[in-house]
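Here is the structure we will look at, set down as structure tokens.
In this note's numbering, the protein residues as written are 255 to 739.
Written as structure tokens, this is what we have:
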């Protein structure tokens with residue numbers, strides 16, 4: 255096996271284990287989530303969503319974006335990790351102590367009874383998660399996703415069983431917090447028992463400055479993205495209450511899980527693999543077009559299908575007590591069909607050393623989405639979710655324009671490989687809309703099966719009519735790459 259074939263094999267193996275980590279872990283997590291949704295009430299999930307809001311914000315600050323910076327760096331010595339690790343870990347400990355001390359004040363500020371003890375318990379996961387993240391970044395840098403995959407499955411399974419047991423015991427929202435803390439602890443112990451780096455006295459100040467130059471863009475992007483995604487939580491809490499926030503959280507869960515399943519695994523490998531060929535523009539441009547085509551072929555129709563059958567799907571998954579979640583699910587799924595193609599741009603921006611592009615795009619998104627949610631009227635969480643979802647489309651053409659300019663591609667080169675696939679998806683969605691009336695009054699299981707079959711048959715027919723040449727070419731490429739690996 256030559257060097258090029260060796261690299262291809264490494265990427266394929268890494269992608270397989272990254273898929274196992276993300277798909278296996280997320281799928282198991284989602285099954286456990288469904289069980290907990292049957293055991294707990296909307297108010298419990300609303301409280302847990304507020305805890306997650308605080309922890310995600312503080313963890314983004316504490317980590318300083320060093321994880322992505324370590325992965326992206328072309329050469330890395332053990333001393334390069336020292337200062338980033340100790341700075342992040344010290345910040346996470348300090349923030350965890352502050353959460354515990356100020357939990358009562360935070361509860362009064364949110365005006366949500368019962369929040370303080372949950373925050374205090376959840377603060378334990380902050381330093382554990384930060385320490386774990388550095389080991390995880392170094393595993394990803396070495397494209398060793400096997401250990402990460404096994405770790406994710408074990409931690410998810412054990413923490414899920416603990417969370418369900420606590421829910422049965424009547425712990426309410428605390429069950430979800432305990433689940434997070436247990437999962438974080440198991441993940442940390444697993445990776446630190448097989449470390450890719452250990453704390454040391456030696457450090458490299460020059461490397462720290464260089465890493466900080468990259469990481470500052472990462473953390474600013476995360477904070478902007480956090481503000482965009484989480485502002486809706488605060489609006490729902492203030493307008494409709496904690497139970498409505500729980501319904502929104504459950505309705506959005508399927509969208510979030512799918513985005514993670516369809517994008518995160520590829521993104522993890524892409525940042526490591528693409529950074530190695532960033533100087534070969536022809537190769538990276540070809541890889542970009544194939545990534546876009548695969549996203550449109552596999553990811554987009556899944557989102558559109560679930561948008562089309564959202565009422566039936568939500569009822570079967572969560573039950574009648576989560577009524578209203580389908581109105582949240584539909585617009586998020588439709589925007590997800592676009593984002594599963596669009597989000598690949600972030601990996602290419604990062605690999606080409608342009609994280610500032612992502613930052614600029616997030617500023618534009620923030621200036622569009624947040625004012626839209628505040629200024630446009632909404633009568634319920636479904637309408638607010640629709641405003642939140644479709645206001646994000648403003649940034650879509652700008653994102654692709656920047657990616658195409660950076661890669662030296664034209665709009666025709668970008669649109670030609672995916673136009674037929676998009677036509678097939680639109681036809682399939684329309685077919686479900688037309689068939690819905692004919693299935694009214696049917697058994698819900700039979701109805702969802704018929705609607706899904708209608709979508710699938712129309713989509714496949716559309717592919718054969720409008721996208722046959724590109725489909726065969728893409729399949730041929732994947733088969734050849736698999737044979738080579």
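The beta-carbon is built from N, C-alpha and C at its ideal position, and this holds for glycine as well.
8 Å contact criterion, which residue i and residue j should meet: CB distance rounded
i: residue 602; j: residue 542; result: 6 Å
i: residue 489; j: residue 630; result: About 11 Å separates the two Cβ atoms, so there is no contact after all.
i: residue 371; j: residue 350; result: Actually they do not touch by this definition, with Cβ atoms about 15 Å apart.
i: residue 395; j: residue 452; result: So it is not a contact: roughly 16 Å between Cβ atoms.
i: residue 595; j: residue 619; result: Not confirmed; about 16 Å, so no contact.
i: residue 546; j: residue 720; result: At roughly 16 Å, the Cβ-Cβ gap does not stay under 8 Å, so residue 546 and residue 720 are not in contact.
i: residue 428; j: residue 324; result: Not quite, the Cβ-Cβ distance comes to about 35 Å (not below 8 Å), so this is no contact.
i: residue 432; j: residue 290; result: With 8 Å as the limit, residue 432 and residue 290 do not qualify as a contact, their Cβ atoms being about 11 Å apart.
i: residue 421; j: residue 294; result: 6 Å
i: residue 588; j: residue 561; result: 5 Å
i: residue 694; j: residue 660; result: With 8 Å as the limit, residue 694 and residue 660 do not qualify as a contact, their Cβ atoms being about 49 Å apart.
i: residue 580; j: residue 505; result: 7 Å
Per-residue DSSP class, three states only, for residue i
i: residue 627; result: helix
i: residue 584; result: helix
i: residue 448; result: coil
i: residue 575; result: helix
i: residue 331; result: coil
i: residue 295; result: coil
i: residue 599; result: helix
i: residue 346; result: helix
i: residue 679; result: helix
i: residue 377; result: coil
i: residue 362; result: helix
i: residue 665; result: helix
i: residue 525; result: Low per-residue confidence applies at residue 525: pLDDT is 45, beneath 50, and the placement is therefore not dependable enough to give any value.
i: residue 321; result: helix
i: residue 454; result: coil
i: residue 284; result: helix
i: residue 425; result: coil
i: residue 437; result: helix
i: residue 394; result: helix
i: residue 226; result: In the structure as shown, the chain begins at 255 and stops at 739. Residue 226 is therefore absent and cannot be evaluated.
i: residue 314; result: helix
i: residue 740; result: The shown model of the chain, from 255 to 739, leaves out residue 740, and the question about it has no answer.
i: residue 367; result: coil
i: residue 532; result: Note that residue 532 has pLDDT 48, beneath the 50 cutoff, so the model's placement of it is unreliable and no number is given.
i: residue 671; result: coil
i: residue 442; result: helix
i: residue 695; result: coil
i: residue 570; result: helix
i: residue 387; result: helix
i: residue 606; result: coil
i: residue 725; result: helix
Residue burial classification, residue i (beta-carbon count within 10 angstroms, cutoff 16)
i: residue 496; result: buried
i: residue 523; result: At residue 523, the pLDDT of 47 sits below 50, so the modelled position is not reliable; the number obtained from the coordinates is stated separately. By the 10 Å Cβ count, residue 523 comes out buried.
i: residue 576; result: buried
i: residue 528; result: The pLDDT assigned to residue 528 is 49, lower than 50, so where the model puts this residue is not dependable; a value taken from the coordinates is nonetheless given after this. Classification for residue 528: buried.
i: residue 321; result: buried
i: residue 340; result: exposed
i: residue 471; result: buried
i: residue 599; result: buried
i: residue 722; result: exposed
i: residue 399; result: buried
i: residue 476; result: buried
i: residue 699; result: exposed
i: residue 467; result: exposed
i: residue 386; result: buried
i: residue 478; result: buried
i: residue 628; result: exposed
i: residue 424; result: exposed
i: residue 646; result: buried
i: residue 358; result: exposed
i: residue 492; result: exposed
i: residue 376; result: buried
Extent of the continuous alpha helix (DSSP H) to which residue i belongs
i: residue 484; result: 459-494
i: residue 642; result: 635-644
i: residue 404; result: 399-422
i: residue 702; result: 698-720
i: residue 561; result: 554-562
heavy atom of the ligand MN below 7 Å from residue i C-beta
i: residue 581; result: Absent from the structure shown: the ligand MN. Ligands present: none.
Chain B contact for residue i (CB, 8 Å cutoff)
i: residue 670; result: The structure shown has no chain B; it contains just one protein chain.
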